[in-house]
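Visitor:
What follows is the structure, encoded as C-alpha cells:
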C-alpha cells in the first residue's frame, strides 16, 4: 500500500502548479531534462523571474536542479507527480458517489414535458 501524502506537501505542489508558467515548465520537463535557458525561451519574462519559478517548483519537490559547469539543468521528479496522482485518485471515490447521487436525483426529476413543449413550440414557428 502506498504511503499517505502529507497535506503540506500537496498544498505546496498545488500552489506551485497554480501558476501557468510553472505548469508549462513542468509539462516541458515531463519530456526530459532541460537547461534553464531552454526552459526560459518560450516565456517573455526575465531570467530572475524564471529562477524564482524554478525555486518554487524545487521547494515543492516537483523538480531538481543541478549545476554542470556553467550550465544548470532541471529535471522533473516523477515520484512527486505520482504522489499528486495518488492524492487526486483518493478523491475519486467521493466524487463518484456524489455524481451517482446527483444522477439518481436527476433521474427522479425527469420531466419530458419541457422537451416536448420546446419541440412543439419549434414546429409552430
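In this note's numbering, the protein residues as written are 1439 to 1563. All C-beta atoms, glycine included, are put in the ideal place defined by N, C-alpha and C. Keep in mind it's a predicted model, so treat the numbers as computed, not measured.
Taking its Cβ as the centre, do 16 or more other Cβ atoms sit within 10 Å of residue 1557, making it buried, or is it exposed?
Guide: Confidence at residue 1557 is low in this model, with a pLDDT of 49, below 50, so its placement is unreliable and no value can be given for it.
Visitor: Does DSSP put residue 1511 in a helix, in a strand, or in coil?
Guide: Looking at residue 1511 - three-state DSSP - the assignment turns out to be strand.
Visitor: Please classify residue 1498: is it buried, with 16 or more other beta-carbons within 10 angstroms of its beta-carbon, or exposed?
Guide: It counts as buried.
Visitor: Please say whether residue 1460 and residue 1454 have beta carbons closer to each other than 8 Å?
Guide: For residue 1454 and residue 1460, yes; Cβs fall inside 8 Å.
Visitor: Report buried or exposed for residue 1521, applying the criterion of at least 16 other Cβ atoms within 10 angstroms of its Cβ.
Guide: Buried: at least 16 other Cβ atoms inside 10 Å.
Visitor: Identify which residue in 1452, 1476, 1447 and 1450 has its Cα closest to the Cα of residue 1513.
Guide: Considering only alpha carbons, the answer is 1476.
Visitor: Could you give the residue range of the alpha helix (DSSP H) that holds residue 1496?
Guide: That run of the alpha helix (DSSP H) goes 1485-1497.
Visitor: Rank 1547, 1526, 1536 and 1516 by C-alpha distance to the C-alpha of residue 1449 and give the top, closest one.
Guide: Of the candidates 1547, 1526, 1536 and 1516, the one whose C-alpha sits nearest the C-alpha of residue 1449 is 1526.
Visitor: Tell me the DSSP secondary structure of residue 1458 in three-state form.
Guide: Helix, per DSSP.
Visitor: Assign residue 1484 to one of two classes, buried (16 or more other C-beta atoms within 10 Å of its C-beta) or exposed (fewer than that).
Guide: With fewer than 16 Cβ atoms within 10 Å of its Cβ, residue 1484 is classed as exposed.
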